[in-house]
DNA sequence: TTATTTATACCGTCCAGCCGGTATGTAGCG
DNA sequence: CGCTACATACCGGCTGGACGGTATAAATAA
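In structure tokens:
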């Protein structure tokens with residue numbers, strides 16, 4: 001059952017990533033926690049780069065699956081992909097494990113441009129089925145940027161954000177269309 | 001002239017960081033480019049952690065100096081620290097070197113919580129002299145989050161943002177006070 | 001004044017551990 | 001017999017950093 005082995009490797013690698021960070025993600029560290037040997041690992045992933053790519057792809061798939069789930073359950077077609085993105089990024093309960101994985105993945109992408117590119121591809125793939133994104137709508141972009149900023153703040157604890165502030169931010173984001181109007185008023 | 005040696009080490013380390021990323025920043029790599037030996041490096045920075053902290057502090061000082069410069073030249077007191085932050089993060093011409101350093105610093109902070117904490121301290125220190133920040137104003141926070149999201153997008157090239165979109169974003173950010181009104185309308 | 005100690009700044013080598021990866025098997029299966 | 005899916009042993013490079021020096025200059029004591 002080679003496929004099972006593969007996913008076991010990937011799941012374990014993500015677990016290691018969550019616990020020890022990207023520097024702790026070594027081939028040996030994965031092998032230690034797994035029911036088979038280093039040879040098996042290197043059989044399925046010929047080198048560490050391949051493993052890392054596998055991990056990113058695995059995370060990317062989960063990410064996209066979550067977005068798709070939110071997307072299809074959204075009754076309104078217009079802008080649903082953006083809304084699903086926002087919910088995925090900011091609404092999900094943030095466990096310590098999520099934070100660790102987020103940090104590690106961010107670090108990995110920051111270190112290795114190839115991984116960043118790969119993650120970007122997942123982001124793009126998840127940005128589908130939405131006329132606003134297709135049109136490159138300004139407001140959807142802004143909402144995404146704000147959500148990304150909030151996500152990063154969550155990862156690093158940059159700003160201390162109160163629950164009320166967070167709720168306000170979330171509702172503003174979900175409203176989602178107001179910023180361009182605002183711009184026109186100011187201009 | 002021990003102080004000069006110290007700053008030479010730090011500058012060189014940042015240079016290495018920009019060129020080879022955080023994984024390329026080894027003690028030997030710094031020593032190679034410097035007029036003295038490894039012993040000297042270890043004399044000024046007893047271990048690698050100390051060197052990394054020094055690098056973060058050095059970057060933090062530059063960052064804060066830039067913000068202070070923008071702050072004092074801003075005629076309007078109200079909200080100047082937030083505006084200075086925005087300008088520093090989004091207005092500056094982004095060279096490839098800036099991107100590399102940003103990536104590397106981000107990675108370093110994502111990997112090592114202690115460094116993240118240290119950077120956070122610099123951020124806090126730069127967030128001074130502003131009644132809105134003191135009051136934890138929602139709009140200033142939102143502008144910062146959006147700017148952070150844009151900064152990250154610049155680092156990774158996540159979104160393709162046209163010059164017009166960028167200009168629009170910048171002006172919206174500088175306007176900076178409208179979002180709370182908007183929230184009330186929506187609520 | 002001079003001798004002695006102490007602290008600073010720096011040099012250059014060597015090592016031990018870790019880590020990615022290779023090389024060489026082998027057991028099962030079609 | 002050859003291919004897949006593993007196991008085991010081993011290696012060499014890199015890296016952090018320990019260590020044992022040296023040169024200089026200031027502090028201290030005689």
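Chains as they are written, first to last, in full-length UniProt numbering: chain A, 1 to 187; chain B, 1 to 187.
Here a beta-carbon is modelled for each residue, glycine too, at the ideal position from N, C-alpha and C.
9 Å Cβ cutoff, residue 56/A in contact with chain B: no
Where the alpha helix (DSSP H) through residue 115/A begins and ends: 113-126
Residues of the region 135-152 of chain B whose Cβ lies closer than 9 Å to any Cβ of chain A, in chain order: 136, 138, 141, 142, 144, 145, 146, 147, 148, 149, 150, 151 and 152
Residue 75/A, DSSP secondary structure in three states: coil
Among 159/A, 166/A, 174/A and 52/A, the one whose alpha carbon lies nearest that of residue 140/A: 174/A
C-alpha gap between residue 9/A and residue 59/B, whole angstroms: 38 Å
Proximal residues to residue 109/B (C-beta, below 7 Å), its chain only, five neighbours per side dropped: 115, 116 and 119
Listed by chain order, chain B residues near residue 103/A by CB distance under 7 Å: 110
Endpoints, alpha helix (DSSP H) assigned at residue 32/A: 27-32
Own chain, CB closer than 6 Å to residue 6/B, minus 5 neighbours either side, in chain order: 44
Residues that residue 120/A contacts on chain B, provided the C-beta gap is smaller than 8 Å: 156, 157 and 158
Extent of the continuous alpha helix (DSSP H) to which residue 22/A belongs: 2-24
Nearest-angstrom Cβ-Cβ length linking residue 56/A and residue 147/A, presumed shorter than 8 Å: At roughly 20 Å, the Cβ-Cβ gap does not stay under 8 Å, so residue 56/A and residue 147/A are not in contact.
Cβ pair residue 101/A, residue 85/A closer than 9 Å: no
Three-state secondary structure assigned by DSSP to residue 58/A: helix
Simplified DSSP assignment, three categories, for residue 163/B: helix
Delimiting residues of the alpha helix (DSSP H) encompassing residue 157/A: It is not in any alpha helix (DSSP H) - residue 157/A carries neither H nor E in the DSSP assignment.
Backbone CA spacing between residue 143/A and residue 33/B [nearest angstrom]: 44 Å
9 Å Cβ cutoff, residue 51/A in contact with chain B: no
For residue 249/A, three-class secondary structure by DSSP: Given a span of 1 to 187 for chain A in the structure shown, any question on residue 249/A remains unanswerable.
Per-residue DSSP class, three states only, for residue 45/B: coil
Proximity test, Cβ basis, 9 Å: residue 123/A and chain B: yes
Under 7 Å by beta carbon: chain A residues contacting residue 116/B: 156
Any chain A beta carbon closer than 9 Å to residue 168/B: yes
Rounded C-alpha distance that separates residue 88/A from residue 125/A: 15 Å
Members of the region 18-46 of chain A near chain B, C-beta cut-off 7 Å: 21, 22 and 23
Own chain residues within Cβ distance below 6 Å of residue 172/A, not counting five before or after: none
is_contact[residue 59/A, chain B] using C-beta, thresh 9 Å: no
Closest Cα partner of residue 42/B within the set 81/B, 164/B, 27/B and 111/B: 27/B
Buried/exposed call for residue 37/A, threshold 16 Cβ in 10 Å: exposed
Close-in-space but distant-in-sequence residues of the same chain around residue 151/B (CB under 8 Å, 5 per side omitted): 89, 90 and 102
Cutoff 9 Å: residue 86/B Cβ touching any chain A Cβ: no
Inter-residue spacing [alpha-carbon to alpha-carbon] between residue 35/A and residue 16/A: 15 Å
Reduced DSSP secondary structure (H/G/I, E/B, other) of residue 35/B: coil
CA-to-CA distance, residue 30/A to residue 12/A, given in whole angstroms: 6 Å
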